[in-house]
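**Q** Counting from 1 along the sequence shown, just add 213 to a position and that's the residue number in my numbering.
Backbone N, C-alpha and C fix where the C-beta goes; we use that ideal spot for every residue, glycine too.
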Amino acid sequence: MNRLVSNVVGSFVEAWQELRIHKTRVMLSLIGVAVAVCAITTVVGLGAVAQQSIVEQNERSGGRSATLSLYAGSNDGSAIDPDVMQEFWDTSLERYGIDYASRVLYTTQTVQFTDGAVPVQAIGVDQPYGTMHRVTLTEGDWFSVDDADRLAPAVLVNQVFWDRLGRPDLATHPTTTLLGATPTTAVITGVYPVSVWETEPAMYLLMDTISALTPADQLAASGSVPNYELWVPPEISEDLIVALQRDAQGALGAGTNVSVSRQDFAAYNEDPFASIKLLVGGVAGLVLLLGALGLVNIALVTLKQRIREIGVRRSFGATAGRVFFSVMMESIVATLVAGVVGVIGAVLIVTNPMLQEFISQGMVTDFPPFPVEAAILGLVCATVVGALAGLLPALVAVRVKVIDAIRY
Numbered sequence: 214m215n216r217l218v219s220n221v222v223g224s225f226v227e228a229w230q231e232l233r234i235h236k237t238r239v240m241l242s243l244i245g246v247a248v249a250v251c252a253i254t255t256v257v258g259l260g261a262v263a264q265q266s267i268v269e270q271n272e273r274s275g276g277r278s279a280t281l282s283l284y285a286g287s288n289d290g291s292a293i294d295p296d297v298m299q300e301f302w303d304t305s306l307e308r309y310g311i312d313y314a315s316r317v318l319y320t321t322q323t324v325q326f327t328d329g330a331v332p333v334q335a336i337g338v339d340q341p342y343g344t345m346h347r348v349t350l351t352e353g354d355w356f357s358v359d360d361a362d363r364l365a366p367a368v369l370v371n372q373v374f375w376d377r378l379g380r381p382d383l384a385t386h387p388t389t390t391l392l393g394a395t396p397t398t399a400v401i402t403g404v405y406p407v408s409v410w411e412t413e414p415a416m417y418l419l420m421d422t423i424s425a426l427t428p429a430d431q432l433a434a435s436g437s438v439p440n441y442e443l444w445v446p447p448e449i450s451e452d453l454i455v456a457l458q459r460d461a462q463g464a465l466g467a468g469t470n471v472s473v474s475r476q477d478f479a480a481y482n483e484d485p486f487a488s489i490k491l492l493v494g495g496v497a498g499l500v501l502l503l504g505a506l507g508l509v510n511i512a513l514v515t516l517k518q519r520i521r522e523i524g525v526r527r528s529f530g531a532t533a534g535r536v537f538f539s540v541m542m543e544s545i546v547a548t549l550v551a552g553v554v555g556v557i558g559a560v561l562i563v564t565n566p567m568l569q570e571f572i573s574q575g576m577v578t579d580f581p582p583f584p585v586e587a588a589i590l591g592l593v594c595a596t597v598v599g600a601l602a603g604l605l606p607a608l609v610a611v612r613v614k615v616i617d618a619i620r621y
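(1) Among the residues of its own chain, which have a CB less than 7 Å from the CB of Gly603, if the five just before and after it don't count?
(2) State the Cα-Cα distance for the pair Asp334 and Val368, rounded to the nearest angstrom.
(3) Hey, Ala285 and Thr398 are a contact pair by Cβ (cut 8 Å); roughly how many whole angstroms apart?
(4) Name, in chain order, the residues that DSSP records as bridge partners for Arg475.
(5) Quick check on Thr254: buried or exposed, where buried means 16 or more other Cβ atoms within 10 Å of its Cβ?
(6) Which of the three DSSP states is assigned to Leu608 in this structure?
(7) Only counting the same chain, and skipping five residues up and downstream in sequence, which positions put a Cβ closer than 6 Å to that of Asp339?
(8) Throw me the rounded Cβ distance for the Thr390 and Pro396 pair, which I believe falls under 8 Å.
(9) Measure the alpha-carbon distance for Thr349 versus Gly463 and round it to whole angstroms.
(10) For Gly353 and Leu561, what's the separation of their Cα atoms in angstroms?
(11) Among the residues of its own chain, which have a CB less than 7 Å from the CB of Gly258, if the five just before and after it don't count?
(12) By how many angstroms is the C-alpha of Ala415 removed from the C-alpha of Ala480?
(13) Identify whether Leu419 lies in helix, strand or coil by the three-state DSSP scheme.
(14) Would you be able to state if there are at least three C-beta pairs under 8 Å between the segment 317-329 and the segment 443-455?
(15) To the nearest angstrom, report how far apart His346 and Gly337 are at their CA atoms.
(16) Going straight from the alpha carbon of Phe571 to that of Pro341, what length do you get?
(17) Who are the Cβ neighbours of Val373 in its own chain at under 8 Å, not counting the five residues just before and after it?
(18) In chain order, which continuous runs of the beta strand (DSSP E) of length 3 or greater are located wholly inside the segment 317-389?
(19) When you compare only the Cα positions, how much space is there between Gln299 and Cys251?
(20) If Val471 sits next to Ala456, beta carbons under 8 Å apart, how far is it from one beta carbon to the other, in whole angstroms?
(21) Alpha carbon to alpha carbon, how far is Ser424 from His386?
(22) Am I right that Phe478 and Asn271 are in contact with their C-beta atoms under 8 Å? What's the rounded C-beta distance?
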């Protein structure tokens, strides 16, 4: 056992000494490997940022994993008693210990602008909705738990709405007038961004605010029925779907149609990241292949310059196995060092704030840390490339005849 350890350590030391002797050759051969490892590690690291961007975009529309959607309606088309529905909702949240839940209602509110009154899409939500859907604001803050008690209701407007008001400073507490049976002055507390195809003003209001502005029967008559969303751990989502559907049928009566399902992106069987994974894997494989081919070519060319050296070592008693392992280890140790340099370079590139912002296009709020698996992959690839690149030269070195090598 001690002899085996001694031989292995001796081979590493010998390989390192050879690398120091042939510094110029090593530098030339390892530049390509370091660049290749840096490239493959960077691609994997940036792929994690791009994947996070896709995750957050999906969560903004469908909610985080796992978001359940509950819809209830009467079979005859009549409205469900809002008090009964609210009692069932509150009881269910308390029974199952759900902290993140929100009613969601799409309706319209007439808003008084300087150029006239305009119907504006209003989305009624509860305070946890912002966390559930990763709502980001360019100005101001999301609803707080105290906003439901304000005398002047808080409203969050989109960029189009804000531009139409002349982009007032939120520090001045700008207001807007919501028309209806009882005109109400609302305070703008935040602004959220819009996509390039969104050209109409829109706003978020708390559900309690909408209920106060518009009677429930009037909302039902207009076809505006709230949807109910819950953010729960994915591992209990299936059991909770069955339990909520059963409880809703019992609380709302037999004439009620109840639907509970997952609406987040993870509920679909298809992998939403399959295309980006294939792209990252293809680019990484191509980069690694090019780096390996370059190293093999340089290793074969430089081996011819060492044939005499190998012959002398064999004449002094070096076995074929020792020569094979020595040549192989030179390549592995060298590429491992190059791999470390490449991984360091990749970390500096991937964690660069300007590059992250360019990749995410402002759509990522929780940038993932540099993936450890990317660094491990880079080092493993460097070691494998070193072994493959050293295999052919090592075989050639073993097959060289001693007398011919000395005469070379």
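**A** Well, looking at it:
(1) If you ignore the 5 residues before and after Gly603, its C-beta comes within less than 7 Å of the C-beta of Ala512, Val540, Met541, Glu543, Ser544 and Ile545, all in its own chain and listed in chain order.
(2) It should be noted that the sequence gives Gln, not Asp, for residue 334. So the alpha carbons of these two residues sit roughly 12 Å apart.
(3) Between Thr398 and Ala285 the Cβ distance is about 34 Å, and since that is not below 8 Å, they are no contact.
(4) Bridge partners of Arg475: Leu281.
(5) So Thr254 counts as buried.
(6) helix
(7) Ser315, Arg316 and Met420
(8) 6 Å
(9) 38 Å
(10) 33 Å
(11) Ala559, Val563, Phe583, Pro584 and Ala587
(12) So the alpha carbons of these two residues sit roughly 29 Å apart.
(13) strand
(14) By the Cβ rule, the segment 443-455 does not count as touching the segment 317-329, because fewer than three pairs are nearer than 8 Å.
(15) Distance from the CA atom of His346 to the CA atom of Gly337, rounded to whole angstroms, is 14 Å.
(16) 30 Å
(17) Val407, Glu411, Thr412, Glu413, Pro414 and Ala415.
(18) As far as the segment 317-389 is concerned, its whole beta strand (DSSP E) runs of at least 3 residues are 329-338 and 367-371.
(19) 56 Å
(20) Not quite, the Cβ-Cβ distance comes to about 12 Å (not below 8 Å), so this is no contact.
(21) Straight-line Cα distance between these residues: approximately 23 Å.
(22) 4 Å
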